[in-house]
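> Sharing a structure below in structure tokens format, with a few things to ask.
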């Protein structure tokens, strides 16, 4: 069985943590995946910006690698991922969570014995073609929102908390996450206040370790490197009224240390992708950025290489910069993709107070963390700013060949629904149900696509609906907002104020603003209107304060209700339309309750606000689709087709589809699908999987003994069925055990006339269970018949497989017991085809057709991961193919090696390409370094000649392949190599080599360095004093001495200490090359030193002093 897994994230859910109520998110890399999992395109106004990079083939499992961009906007506090601000690497997979309250699996957590935590954490999973969201109940049993047919075995709370998560999809493919610490990200957080010493560490993400095919015959594996991110999450509170310390702003910020995993390699049976990261990011201390991806075939030979070029948004220190992806290159001379961004306005430093109610950049210029009271989302210091929220947003993608795409964004807008109320500054209730023309976040307004030859395609997007006001039809925004933001909470006789929004504005479906009507207009062609379900379609959200965003039926918001297409110039009569209907009355499968609490200490004790909410699991089921077409000849005439769907429980797979035409509704076409989960294939009406689910649900607090007993019962159930069943039934039992629920046993087609079903066709797949593996063994089809009482195949009471005599066998297969590969297939006409394989059993090596006694064979040779290089037919005549350095087909030759076809490629401004590599990127004076050329690509082929220069005036023109040279003095040297070819102009590349002296620094004092506490006139000023004004502190600053003594260039750490007596104490430790020594009334001689550490862990020390004394011991000190 083959299941091609696309390791790019399927668009599904978004959620974002805004409040400062101990809700802690995962690392920037994992959080990027969480956010990307949220984009739902037209519903949220988010364009699908996805950059495909690599596809790794395999025998059964393949892996795709891509980049995706989040265009909603950048929060001021956001850290850029390893691929740049806004970008997320879609490869591998993760189970990640946002902690609510306390981590579920720590002492007192939601699913631990004797829990004190009242809120379950929110988990998101993404891997291959699966993604979703769930919570764990008190017993550690997952609740999926909405329901989908996947099996999740948690790595925490249950099974002894092994840390390994196992998720099985409906095809039986297994995904393993967090197998050990090499596949787990941890987060340590503590309050930033100086008095806080308590910290908590928990696992925030479990990374994908491997994917295994249902039979275990193919595996994709993943490995990671580790880096550490340190940053601050800013939050402040203030209490007013009857509290012990009114109007005092309290720092409620958190210092976070995240142990981040960077994807290092992906390996399939067909090859591997190796990721290289570089240190020295200028925006995150200890952070890494993705430098390249090398693609290797299964023999280890390089097939391709991608490199990533970066810059930075902003300037200044690390706090004010953000990594910016500028271009992506393969081995060709021109980039595959280049990116442009809005840099008219740059984001401020991450500790800026200029933030709107969602944390995006706004126009506030004040100094207060606590915002002024706001009455709605448009006013106050958290008011969104239409221009600033687009700071550093992607605006253009250029493609190799001259084409490009432009993106225009505009701010969200919408109406706050549900009649949410809150109390304003004057204690009057305010009902929020009004139009907000500018809301936080960006939506797409226009996409312009240019192909490089002058052709342009323009897509415009309108987010409007028509309402009646004062008898007039007017257009307003179709956006609907989940709930109001709030920055304060009223208690009896007191109020708590917050620096950041405390409402969970994003619902569990990931939607902040959802649009109920969107029109996509394509210039010169027409328009398509989309209608989505809104607030009137789903159950009212909880409005308790503090407000929690979870509705019980959130997934009913955002369902596509209709789609209409109009020709340009005709917006009245659609060319065609589709109307969708859903079953909203399916009973809840399971539910979990949570309670959000907020507590404040007042003069009369602790006061508490609570908000109760419920998570519900149930499926989304489309029940009916009606498609109406306009007659192309007579435009006033229309006709419709109707499709009606029914589902099989408990998996909710589509069991039947009934279709009919509006011109003849009495005649229906009915298709029925019977999966292995169909009750017709139960033995003695038992279903072992259902028994297992019921048993696990009865285990309390993740009891491992109870859980083990459940699996013993389950295994006994399967064993009993296997012993009693025939070969077909045994295979079905094992397929159910492997959760291969999408496997089809029988398909049926009927025509219904007058309420009577007439069988028109049917097919049956028989499976075989042999040597522990499952195979599709044979296929059967029904003969022509007019059956009206056909009921289909089933397992009988004796365990045998019953099927109608109407069926005949049309195909039978055999497989290799060692590899699981198909080895032969015999068809109904007696023709047999035999297969052999090459390249790690991944590609077809030969096929032999045996119609009778004279078989004929075709043979194939391959360049792994590229294509066929030789194809030999049954007459032993061959066709040969050659490829260029970029794996493009170059030559096709016949059996006599004559060139039959030649392909030439030339992108705009394309030239030969190569890069200069060095054994060291930085060296010390007197050391030698060897240079070579790598990744040489000459599009037309042919010979090359190489010239070199050393950057010191020495050059070589002898066509040497490498150059070794010793640099005696420090400096920055530019090395060049020139490649000469027979079809292109010469191409020169350069390489900058830094030759440094030993790491050395000097330290000086900016301010008073010697102070007499009795006589300020005798101050002695430091050597680099800028102004002889005593500011109350002395700034010690360092410089490289000489300027070339930088050691390894990158991010430096400066550790400032002072000593009085024997103990050295730290007064600054970070990336700043200066530190302020605050004056003290305690006289004494203080030794000052700074230890600098470069990016290669070399250190140097510079020393200074601070002398504070009293010339008269009896004097009264007159200054500090």
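In full-length UniProt numbering, the protein residues as written are 1 to 1120. We treat Cβ as the ideally placed atom computed from N, Cα and C, and that holds for glycine.
Report the start-end ranges of each beta strand (DSSP E) in the stretch 632-708 that is 3 residues or longer and not cut off at the edges.
638-648, 653-661 and 664-675
> With a 10 Å radius around its C-beta and 16 neighbouring C-beta atoms as the bar for buried, classify residue 973 as buried or exposed.
Burial check for residue 973: the Cβ neighbour count within 10 Å reaches 16 or more, so the residue is buried.
> Ignoring anything shorter than 3 residues, give me the beta strand (DSSP E) runs that lie fully in the stretch 280-335, in order along the chain.
List check, beta strand (DSSP E) in window: 289-297, 302-313 and 322-329.
> What residue range does the beta strand (DSSP E) around residue 915 cover?
913-918
> Can you look up residue 729 in the DSSP assignment and give me helix, strand or coil?
helix
> Less than 8 angstroms separating the beta-carbons of residue 1102 and residue 1038?
yes
> Excluding the 5 residues preceding and the 5 following residue 1111 in the sequence, name in chain order all residues of the same chain whose CB lies nearer than 7 angstroms to its CB.
Counting only Cβ-Cβ distances below 7 angstroms, and skipping sequence neighbours, we find 1012, 1014 and 1015.
> In chain order, what residues of the same chain lie with their CB nearer than 6 angstroms to the CB of residue 201, ignoring the 5 residues before and after it?
186 and 188
> Kindly indicate the opening and closing residues of the beta strand (DSSP E) around residue 1040.
1033-1040
> When the Cα of residue 56 is compared with those of 777, 842, 481 and 408, which residue comes out closest?
842
> Which stretch, first to last residue, makes up the beta strand (DSSP E) that contains residue 938?
Segment: none, residue 938 is in no beta strand (DSSP E) and carries neither H nor E.
> Would you decide whether residue 777 is buried or exposed? Buried here means 16 or more other CB atoms lie within 10 Å of its CB.
buried
> What does DSSP give as the partner residues of residue 1004 in its beta bridges?
1037
> By Cβ distance, which residues of its chain are closer than 8 angstroms to residue 576, with the 5 residues on each side in sequence left out?
564, 565, 627, 628, 629 and 630
> Between which two residues does the beta strand (DSSP E) containing residue 888 stretch?
Segment: none, residue 888 is in no beta strand (DSSP E) and carries neither H nor E.
> Pop quiz: residue 659 and residue 641 are said to be a contact at Cβ under 8 angstroms. What is the actual Cβ separation, rounded to whole angstroms?
6 angstroms
> Does the beta-carbon of residue 117 have 16 or more other beta-carbons within 10 angstroms, so that it is buried, or is it exposed?
Flag for residue 117 reads buried.
> So the candidates are 227, 233 and 394; which of them puts its Cα closest to the Cα of residue 287?
Answer by Cα proximity: 227.
> Using only alpha-carbon positions, find the residue among 793, 91 and 851 that is nearest to residue 274.
91
> Quick check: the Cα distance between residue 86 and residue 390, rounded to an integer number of angstroms?
C-alpha of residue 86 to C-alpha of residue 390: approximately 12 angstroms in a straight line.
> Looking at C-alpha atoms only, which residue of 980, 1003 and 968 is the closest neighbour of residue 993?
968
> Does the Cβ of residue 901 have 16 or more other Cβ atoms within 10 Å, making it buried, or fewer, making it exposed?
exposed
> Check each candidate in 100, 178 and 141 and name the one with the smallest Cα separation from residue 127.
Put simply, of 100, 178 and 141 the residue whose alpha carbon is nearest the alpha carbon of residue 127 is 178.
> Would you identify the three-state DSSP class for residue 1090, choosing helix, strand or coil?
strand
> Exposed or buried, what is residue 368 when buried is set at 16 or more other beta-carbons lying within 10 Å of its beta-carbon?
It is exposed - the Cβ of residue 368 has fewer than 16 other Cβ atoms within 10 Å.
> Pick helix, strand or coil for residue 100, following the three-state DSSP scheme.
The answer is coil: DSSP assigns residue 100 none of H, G, I, E or B.
> Check the C-beta distance from residue 243 over to residue 601 and give it rounded, since I have them as a contact under 8 angstroms.
7 angstroms
> With distances taken between CB atoms, is the gap from residue 479 to residue 463 smaller than 8 angstroms?
yes
> Please report the straight-line C-alpha distance between residue 324 and residue 526, rounded to a whole angstrom.
37 angstroms
> Out of 146, 824, 788 and 150, point me to the one whose CA is closest to residue 556's CA.
When each option's Cα is compared against that of residue 556, the closest is 146.
> Is it buried or exposed, residue 618, if we count other Cβ atoms within 10 angstroms and call 16 or more buried?
buried
> Give me whichever residues DSSP pairs with residue 1078 in a beta bridge.
1033
> Rounding to the nearest angstrom, what Cα-Cα distance links residue 956 and residue 333 in this structure?
Going from the Cα of residue 956 to the Cα of residue 333 covers about 24 angstroms.
> State whether the stretch 253-265 contacts the stretch 213-230, with contact taken as three or more CB pairs (one from each stretch) at a distance under 8 angstroms.
yes
> So which of 800, 97, 305 and 155 has the shortest CA-CA distance to residue 887?
Checked all of 800, 97, 305 and 155; the closest Cα to residue 887 is 305.
> Give every residue of the same chain whose Cβ lies closer than 8 angstroms to the Cβ of residue 868, excluding the five residues on either side of it in the sequence, and list them in chain order.
Once the five neighbours on either side are set aside, the close Cβ partners of residue 868 are 860, 861, 862 and 881.
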